Amino acid sequence: MMNDKPLPPRIFLHFFRWFCHPELRDSIEGDLMELYHERYHEAGKRKADRNFAIDVLLLCRPSIIRPVQEYNHINNYDMFRNYFKVGIRNILKYKMFSFINVFGLAVAMSVCMLIILMIADQKSYDQFHEKKDRIYRILSDQEGSRHPYATSPFPLANALKAEYPIIEESTNVTPGVGGDILYNHQVVEAGGYFAEPSFFRVFSFELEQGNANKALVAPNTIVISKALAYQLFRDENPIGKTVEFSDRQLPFPLKHNGGGATPVSWGSFTITGVLDEAKYRSHLKFDILVSMASRPALYAEKKLEDLSNNWEWYFRTYTYTVLAPDKTRNDLADALNDLVARKYATIKAEQTKGFRLEAQALGDVQLGLQGNDTSDRMPLAGYYFLIVLALVIMISACLNYTNLSIARALTRAKEIGIRKVTGANRKALVFQFLSESVITALLAVTMAIIMLLFIKPAFKGLWINKHLNFELPSTVPVYFIFIGFALLIGILAGIYPAFHLSGYQPVSVLKKLNNINLGKLGLRKVLSVSQFVISLFFITTSILIFNQFKHFLAFDYGFTSSNVVNIQLQGIDHQKLANELSAVPGVVGVSACNIIPATGENNNIEIKKADSEAEYAPAGILLTDDNFIGNLGLKIIAGKNLPKAGESSDRFIVVNKEAVEKLGYKYPAEIIGEVFETKWGKESLEVIGVVEDFRYKLLVNSHDIGPLVLRNQPNFMYINVKVISEDLMGTVAKMEERWKHIDPIHPFKYEFFDDQLATTHQGILDIVSILGFIAFLSVVIACLGMLGMAMYTAERKKKEIGIRKVLGAETLKIAFLLSREFLKVLMIAISIGAPLSYALNNLWLQKLPNRVDFGFGTVFLGTLVLLTLGLITIGSQTLRASKSNPVDSLKMD
Amino acid sequence: MKKYQLGEFEEVVMLTVGVLYNEAYGVSIKKEIETRLSRKVSVGALQSALKRLEQKGYLKSFDGESTQERAGRPKRYFSITALGKRAMEYTKSTRDDLWRDIPKIALNLKIAG
């Protein structure tokens with residue numbers, strides 16, 4: 036009869052359950068149900084239902100309704116304290132495990148933090164501009180180009196300002212100022228930009244001296260940096276002073292390509308402002324700003340090309356605009372599209388096919404390197420590369436934590452059981468374990484900050500940083516990011532163990548400890564194997580790249596670079612300097628050239644046989660004097676050397692062997708006496724000699740030697756001095772004295788050819804350093820993980836080992852027994868990792884010109900390194916465990 | 571100064587709990603009051619009074635057995651604590667004092683009236 040249990044209206048029951056205080060809920064619900072049943076039998080369902088509803092509604096009283104917050108939040112603080120205390124105790128109790136966890140996480144974190152620092156460093160650029168959120172740089176894009184150019188057409192800034200009301204202001208910043216400032220017999224090198232008065236309305240550079248509104252208005256006025264002002268005038272007031280400027284086309288701001296042309300005087304300039312440039316972190320670096328109004332005079336004297344109405348040539352000017360406050364980026368994009376549609380309808384130049392203008396927010400400029408950019412910066416791809424490396428390491432470290440925590444669940448199982456029995460719910464336990472991993476992560480971040488103190492200078496000392504200029508200041512916000520990062524890592528590393536451990540059934544863990552599932556061993560093995568596979572890959576790759584580096588260093592270029600000093604002419608007549616230097620004892624040969632071969636600079640021409648219908652064939656061209664071939668030890672295999680400079684001497688050329696073939700001749704001798712014409716200028720060139728091939732292109736860029744033309748056309752940039760002397764530096768010092776005779780103004784700039792060649796590969800060495808470091812870290816982390824597991828296994832099997840020993844097992848056998856699982860992991864990792872790293876490295880290596888032989892030797896070496904480290908790790912634990920005295924482990928219990 | 575605060579309904583509940591002795595839980599208390607005092611008692615009023623009394627320390631409770639008609643929910647039994655007993659005695663004695671001090675004539679008059 037009672038089986039067909041009558042039920043009260045569900046909605047009221049649910050409502051009651053929802054609002055009622057959890058403590059009272061059960062007993063009151065019982066009362067309600069009892070009453071309901073009674074009424075049901077006495078008065079029927081309808082009346083019972085109605086009374087039930089009334090009762091429920093009347094129960095809505097403050098004393099019965101539950102508090103708004105969860106009931107168990109009342110003693111939050113104490114619970115936190117308890118979690119914290121238990122967490123700390125656990126960390127202290129298992130010192131070795133905690134160390135492995137903290138150290139592994141710290142190592143990985145420090146790398147991640149370095150990248151955070153790098154990005155923060157770059158993000159701190161251009162933050163001082165008042166209108167920074169509204170400033171955009173206009174980029175030019177063309178069909179088929181890999182990425183946009185940072186430069187834009189010269190007239191763009193004015194057109195935008197004049198024709199589009201959404202543009203509040205725009206300014207044209209044109210590079211191409213690089214030369215000497217002469218004041219009072221004193222010469223200082225300076226580089227910078229042409230700028231308009233609007234420069235100071237767009238950007239928030241402030242003038243230390245002078246009036247920003249008037250500074251760049253008049254022709255022949257300049258604003259100079261404070262450092263430059265000090266160099267020139269010391270403590271005098273620079274404003275109003277007049278200086279001479281002669282331009283040497285120094286490649287500014289990209290200073291690394293030295294050289295510079297013969298000085299061209301631009302006349303005198305009046306200083307109207309001083310700007311403390313060093314104070315600002317901006318992607319625009321400059322010593323001087325020359326007023327845009329100075330350009331027309333230079334056009335007239337043919338010293339500069341007039342670009343003011345040239346929409347086709349967009350490689351020379353940077354355009355910055357300030358958007359009106361209420362306009363969005365889309366408005367700007369529309370305006371740019373509209374402008375392109377109107378201006379480029381009739382322009383049909385090759386470089387404006389599919390031309391587009393894009394806007395780049397000022398905040399993205401520093402990280403978003405484009406073609407023709409204002410300074411050397413790491414491209415975004417570089418950051419992605421580093422981030423991926425760091426993430427691999429970080430994930431590896433997190434997996435260690437996860438792995439170890441789950442494996443050691445046994446030590447926590449009782450605690451979990453007791454906590455659950457005494458009323459902890461799963462949420463609280465998850466919270467507890469997460470708080471433990473967060474504590475570990477916070478300890479790790481402290482350690483990582485200390486490690487960062489060592490990594491940071493090492494990173495800053497990399498060759499590449501000479502160009503990238505990372506300062507990596509640790510500011511307060513960065514530390515907040517670090518803490519946030521640590522919290523995130525703590526949660527990520529702890530989330531799986533937290534859910535796994537908190538899921539234990541108290542009955543089963545308290546009753547029989549051995550029953551509990553230690554997490555799928557398969558999964559843990561997979562994680563461990565993948566850590567070692569990645570480590571092996573990194574090790575092999577670093578060894579490979581290092582081999583490649585050595586290969587490049589020892590590369591036979593086909594010319595002698597040892598004991599050759601290359602001196603920048605800086606506009607001096609080469610003959611005059613050559614005469615002076617030849618007189619220095621120890622100098623055995625002096626020659627001149629316009630570019631130093633194999634250091635990255637190339638000039639090209641296109642030639643065809645004169646009066647033929649053949650296609651023009653491209654070739655490199657090197658302008659050298661007649662001594663060059665002998666001085667660098669090049670071999671003439673047919674014909675003769677270039678003639679001495681003189682009348683019509685530049686008609687004759689010497690080609691290399693490759694050119695002979697490319698131009699369609701079988702034997703070098705056949706090409707002697709042939710006449711070729713150039714595509715540009717239609718000059719006739721007669722071949723009088725053939726030299727053996729030598730490298731004139733950058734090794735990393737090209738596998739082919741390529742056809743090359745040598746021509747004696749005195750437009751030289753460098754003097755090559757061959758020195759044979761006991762005291763190389765002494766000879767160089769003497770050469771410097773001679774230099775001062777001829778040019779008292781410019782500093783003597785020289786470099787050893789060998790060093791120059793080595794420098795071209797410094798970038799590779801940096802990659803080796805970074806990758807090697809990452810490889811080292813990933814191995815360390817993988818080994819730490821294995822160390823932890825081995826330690827734990829040894830500890831767990833203490834009794835078993837004791838009994839085995841008592842029964843007469845040998846030490847080595849026990850060690851092997853303990854190591855077997857780990858050896859398996861190592862072996863699987865090697866059998867996957869070795870072929871994988873061979874295949875993956877071959878993928879990119881195939882694309883690299885002049886590659887080193889990549890055989891199994893490299894992979895084998897990498898494997899050996901990994902195996903050694905792995906075996907030491909495992910062996911240290913298992914051997915120790917198997918050597919222990921069985922009495923110690925058996926006497927207890 | 572109020573030494574023991576006990577409202578009228580609270581006093582009734584306390585007394586009923588005492589009357590029911592070992593059988594005092596929500597439904598039985600409600601029924602007892604309803605039959606003895608012939609007044610309607612809602613579950614809400616009763617429960618909040620019980621909670622209040624428990625908070626004051628006059629009653630203590632423990633969970634008892636659960637039965638089928640209660641859909642498996644336990645009964646919550648109440649019993650009077652020592653403090654509760656003192657509170658009841660205090661209330662009773664104050665009332666007795668008051669009774670005693672009423673002049674006979676007042677009551678008689680009333681009866682007569």
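Sequences listed follow chains A and B, in order. Add 35 to a position in the first sequence, counting from 1, and you land on the number used in my numbering. Add 570 to a position in the second sequence, counting from 1, and you land on the number used in my numbering. Glycine included, each C-beta is placed from N, C-alpha and C at the ideal position. Keep in mind that this is a model prediction, so the values were computed, not measured.
Point to revise | Contact list for the segment 641-659 of chain B against chain A, Cβ threshold 7 Å | key: Ala-641, Arg-643, Pro-644, Lys-645 and Arg-646
Review point. Three-state secondary structure (DSSP) at Asn-592(B)?
Key: helix
Review point. Taking DSSP as the reference, what is the three-state secondary structure of Lys-630(B)?
Key: strand
Review point. Expressed to the nearest angstrom, what Euclidean distance is found between the alpha-carbon atoms of Ser-924(A) and Glu-845(A)?
Key: 17 Å
Practice item. Alpha carbon to alpha carbon, how far is Gln-881(A) from Arg-559(A)? Give it in angstroms, no decimals. Key: 35 Å
Check your understanding: Distance, Cα to Cα, Leu-616(B) vs Arg-454(A)?
Key -> 36 Å
Exercise for review: Label His-291(A) either buried or exposed according to how many other C-beta atoms from any shown protein chain fall within 10 Å of its C-beta, with 16 as the threshold for buried.
Suggested key: With a pLDDT of 47 at His-291(A), under the threshold of 50, the modelled position of this residue cannot be trusted, and the question is left open.
**Study point:** Neighbour flag for Gly-596(B) against chain A, beta carbons, 7 Å
**Key:** yes
Point to revise | Any chain B beta carbon closer than 7 Å to Arg-101(A) | key: no
Exercise for review: Please confirm if the segment 340-356 of chain A is in contact with the segment 267-282 of chain A, defined as three or more CB-CB distances below 8 Å between the two stretches.
Suggested key: no
Check your understanding: Nearest to Arg-169(A) by CA position, among Glu-203(A), Ser-737(A), Ala-810(A) and Asp-888(A), is which residue?
Key -> Glu-203(A)
Review point. Taking Cβ positions, are Pro-232(A) and Val-212(A) nearer each other than 7 Å?
Key: no
**Study point:** Presumed contact (8 Å Cβ cut-off) between Ile-688(A) and Leu-720(A), rounded CB distance
**Key:** 5 Å
Review point. What is the DSSP secondary structure of Ser-911(A), counted as helix, strand or coil?
Key: helix
Exercise for review: Could you tell me whether the Cβ of Glu-639(B) comes closer than 7 Å to any Cβ of chain A?
Suggested key: yes
Practice item. Within its chain, find whatever has a CB closer than 7 Å to the CB of Leu-607(B); leave out the 5 residues flanking it on each side and keep chain order. Key: Val-582
Check your understanding: What do you get for Asp-608(A), buried or exposed, if any count of 16 or more other CB atoms within 10 angstroms of its CB means buried?
Key -> exposed
**Study point:** Exposure label - Ser-440(A); buried when at least 16 CB within 10 Å
**Key:** buried
Check your understanding: Of all Cβ atoms in chain B, is any one closer than 7 Å to the Cβ of Gly-458(A)?
Key -> no
Check your understanding: Are at least three pairs of beta-carbons, each pair with one atom in the segment 718-735 of chain A and one in the segment 590-597 of chain A, less than 8 Å apart?
Key -> yes
Exercise for review: Could you confirm whether any beta carbon from chain A is found closer than 7 Å to the beta carbon of Val-613(B)?
Suggested key: yes
Check your understanding: Any idea if Cys-95(A) is buried or exposed, counting beta-carbon neighbours within 10 angstroms, 16 or more meaning buried?
Key -> exposed
Exercise for review: Pull up the DSSP beta-bridge partners for Ser-472(A), would you.
Suggested key: In the DSSP output, where bridge partners are listed per residue, Ser-472(A) has none listed.
Point to revise | Where Phe-489(A) sits in the DSSP three-state scheme | key: helix
**Study point:** Positions along the segment 62-93 of chain A whose CB lies within less than 7 Å of some CB in chain B
**Key:** Ser-62, Ile-63, Glu-64, Gly-65, Asp-66, Leu-67, Met-68, Glu-69, Leu-70, His-72, Asp-90 and Leu-93
Review point. Pairing CB atoms from the segment 762-782 of chain A with CB atoms from the segment 683-697 of chain A, are three or more of them under 8 Å?
Key: no
Point to revise | Under 8 Å (Cβ pairs) to chain A, residues found in the segment 606-630 of chain B | key: Ser-612, Val-613, Gly-614, Ala-615, Gln-617, Ser-618, Lys-621 and Arg-622
Exercise for review: Please name the residue in Tyr-753(A), Gln-177(A) and Tyr-436(A) whose C-alpha comes closest to that of Val-599(A).
Suggested key: Tyr-753(A)
Practice item. Just list the beta strand (DSSP E) runs in the segment 643-696 of chain A, keeping only unbroken ones of 3 residues or longer that don't cross its boundaries, in chain order. Key: 652-658, 671-674 and 687-691
Check your understanding: If we call anything under 7 Å between Cβ atoms a contact, is Leu-324(A) one with Leu-333(A)?
Key -> no
Practice item. Report yes or no: is there a C-beta of chain B within less than 7 Å of the C-beta of Arg-1012(A)? Key: Outside the shown range of chain A, which is 36 to 928, sits residue 1012(A), and nothing can be said about it.
Practice item. Kindly say whether Phe-98(A), judged by its beta-carbon, lies nearer than 7 Å to any beta-carbon of chain B. Key: Residue 98(A) is actually Ser in this sequence, not Phe. So yes, Ser-98(A) belongs to the interface.
Practice item. Quick one: list the residues of chain A neighbouring Asp-633(B), beta-carbon separation under 9 Å, in chain order. Key: Asp-61 and Ser-62
Exercise for review: Measure the beta-carbon distance from Asn-140(A) to Ile-524(A) and round it to whole angstroms, keeping in mind my assumption that it falls under 8 Å.
Suggested key: The identity of residue 140(A) in the sequence shown is Leu, whereas the question assumes Asn. About 7 Å; that satisfies the 8 Å criterion.
Practice item. Compute the Euclidean distance between the alpha carbons of Glu-64(A) and Leu-590(B), then round it to the nearest angstrom. Key: 21 Å
Check your understanding: Which residue from Asn-372(A), Gly-708(A) and Asp-778(A) puts its Cα closest to that of Glu-615(A)?
Key -> Asp-778(A)
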